[in-house]
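Numbering (the working numbering), first residue to last: 19 to 397.
The block underneath contains the structure these notes are about, expressed in structure tokens.
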């Protein structure tokens, strides 16, 4: 049976980690065995232990550890592997820098749209194959010098059984209700703002826009779901700015900050709209999850988002320009005040995910890349 080593950068369970873990069972069913080289403590390590997957890292496998290239080499030599898969752009750079020494097929997963130095591009090109989560991500890096022959687009997918519209009737009554948990009115409209707390996710713009749509109603509540990982001063200031915005716009008593949640699949279907005002977005996983749950979406038309919703409202989302508070607020207001329109958006979003972004589709695509890379090292 073929065995792959997956190299992960952080201890968290963010979009990149969750996207890979979602397809892993399908690849295991196809005969692949997996080990991970990842931080030894944290949510990812806990999930690997729960699944019975070996983590071959030492305790000093940390994001800034300078010996990480050497650790990759040591890990590969500790067991027989047929493929090494770096699950983030940063680890793909590390892997590409030692790929020649490994003499194994390597795959680098590109999940970010960022500027890269010539040295990092050269390192990425050292990999056998490069997978970008969207055409926008691939194009961005090819323009910087990424080898176009080695780079391919592979969209993420979501589990349609886990992320689905909320049941109706008795099943709905028995389901956990976030309104009861938070002590909110039973018929209140919940507005989801989901993502890591960081400037590029645009929660500040989303909150201002939502505030504009709350002026005529006391039954609307923004739910901010996500945690801040970065300790950079600008990120700390951004985090605190959300409280400032809520106070200045008079919604501090209605803003609900839920932090990290493991029950997003049950929370999203209870929301009336997802607002995602990202300033940069390779392929937002929460957009896939919300659409699969039948939740109407307002999002920025940037990065890979138009690839998810190429027909806009006909695919379940109202797309607006980056940093456009007024356009976002108007879109949110329309969804909240026109239930028939909101229902059509939700249904269209669910159809779109079923058609193109199921976890089965993503797993089948990744399996083909694994097989082709191992078979002949081809690009």
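In this text, a Cβ means the ideal position worked out from N, Cα and C, and glycines have one as well.
How would you call residue i, buried or exposed, if buried means at least 16 neighbouring beta carbons within 10 angstroms?
{"i": "residue 360", "result": "buried"}
{"i": "residue 192", "result": "For residue 192, the predicted model reports a pLDDT of 44, less than 50, meaning its position is unreliable and no value from the coordinates is stated."}
{"i": "residue 324", "result": "buried"}
{"i": "residue 199", "result": "exposed"}
{"i": "residue 35", "result": "buried"}
{"i": "residue 161", "result": "exposed"}
{"i": "residue 308", "result": "buried"}
{"i": "residue 13", "result": "The requested residue 13 does not occur in the structure, where the chain is confined to residues 19 to 397."}
{"i": "residue 135", "result": "exposed"}
{"i": "residue 262", "result": "exposed"}
{"i": "residue 351", "result": "buried"}
{"i": "residue 240", "result": "buried"}
{"i": "residue 168", "result": "buried"}
{"i": "residue 19", "result": "exposed"}
{"i": "residue 75", "result": "buried"}
{"i": "residue 89", "result": "buried"}
{"i": "residue 388", "result": "buried"}
{"i": "residue 291", "result": "buried"}
Among the candidates the options, whose CA atom is the shortest distance from the CA of residue i?
{"i": "residue 170", "options": "383, 149, 286 and 185", "result": "149"}
{"i": "residue 238", "options": "219, 220, 223 and 274", "result": "274"}
{"i": "residue 394", "options": "256, 58, 100 and 165", "result": "100"}
{"i": "residue 38", "options": "160, 91 and 377", "result": "377"}
{"i": "residue 94", "options": "107, 124, 71 and 66", "result": "124"}
{"i": "residue 119", "options": "92, 353 and 135", "result": "92"}
{"i": "residue 280", "options": "180, 165 and 87", "result": "180"}
{"i": "residue 380", "options": "372, 250 and 174", "result": "174"}
{"i": "residue 42", "options": "271, 102 and 384", "result": "384"}
{"i": "residue 10", "options": "260, 98 and 300", "result": "Because the chain in this structure spans residues 19 to 397, residue 10 falls outside the shown range and cannot be described."}
{"i": "residue 373", "options": "177, 391 and 132", "result": "177"}
{"i": "residue 1", "options": "332, 242 and 250", "result": "Lying before the first or after the last residue shown, residue 1 is absent from the chain, which here runs from 19 to 397."}
{"i": "residue 303", "options": "73, 130, 110 and 26", "result": "130"}
{"i": "residue 284", "options": "276, 311, 267 and 272", "result": "311"}
{"i": "residue 54", "options": "87, 252 and 102", "result": "102"}
{"i": "residue 208", "options": "26, 354, 368 and 370", "result": "354"}
{"i": "residue 218", "options": "225, 249, 253 and 206", "result": "253"}
Would DSSP call residue i helix, strand or coil?
{"i": "residue 333", "result": "helix"}
{"i": "residue 209", "result": "strand"}
{"i": "residue 280", "result": "coil"}
{"i": "residue 275", "result": "strand"}
{"i": "residue 21", "result": "strand"}
{"i": "residue 179", "result": "coil"}
{"i": "residue 359", "result": "helix"}
{"i": "residue 9", "result": "Lying outside 19 to 397, the shown extent of the chain, residue 9 is not represented and no answer is given."}
{"i": "residue 379", "result": "helix"}
{"i": "residue 247", "result": "coil"}
{"i": "residue 26", "result": "coil"}
{"i": "residue 90", "result": "helix"}
{"i": "residue 398", "result": "The requested residue 398 does not occur in the structure, where the chain is confined to residues 19 to 397."}
{"i": "residue 132", "result": "coil"}
{"i": "residue 292", "result": "strand"}
{"i": "residue 36", "result": "helix"}
{"i": "residue 299", "result": "coil"}
{"i": "residue 164", "result": "coil"}
{"i": "residue 393", "result": "helix"}
What residue range does the beta strand (DSSP E) around residue i cover?
{"i": "residue 239", "result": "238–243"}
{"i": "residue 169", "result": "169–171"}
{"i": "residue 124", "result": "124–128"}
{"i": "residue 104", "result": "101–104"}
{"i": "residue 55", "result": "51–55"}
Whole-angstrom Cβ separation of residue i and residue j, contact assumed at under 8 Å?
{"i": "residue 196", "j": "residue 229", "result": "That pair is no contact at about 20 Å."}
{"i": "residue 398", "j": "residue 244", "result": "Since the displayed the chain opens at 19 and closes at 397, residue 398 lies outside it and no answer follows."}
{"i": "residue 24", "j": "residue 105", "result": "6 Å"}
{"i": "residue 79", "j": "residue 56", "result": "7 Å"}
{"i": "residue 30", "j": "residue 62", "result": "7 Å"}
{"i": "residue 128", "j": "residue 113", "result": "About 12 Å; that fails the 8 Å criterion."}
{"i": "residue 326", "j": "residue 306", "result": "7 Å"}
{"i": "residue 346", "j": "residue 223", "result": "7 Å"}
{"i": "residue 288", "j": "residue 362", "result": "Not confirmed; about 19 Å, so no contact."}
What residue range is occupied by the uninterrupted alpha helix (DSSP H) comprising residue i?
{"i": "residue 340", "result": "Where residue 340 is concerned, there is no enclosing alpha helix (DSSP H), given that its DSSP letter is neither H nor E."}
{"i": "residue 256", "result": "251–266"}
{"i": "residue 326", "result": "323–326"}
{"i": "residue 149", "result": "Here residue 149 belongs to no alpha helix (DSSP H); instead the beta strand (DSSP E) covers 147–150."}
{"i": "residue 75", "result": "Taken as a continuous stretch (DSSP letters only), residue 75 belongs to no alpha helix (DSSP H), as it is neither H nor E."}
{"i": "residue 199", "result": "196–200"}
{"i": "residue 156", "result": "153–161"}
Using a Cβ cut-off of 8 Å (strictly closer), state whether residue i contacts chain B.
{"i": "residue 158", "result": "Here chain B cannot be found, since the structure has a single protein chain."}
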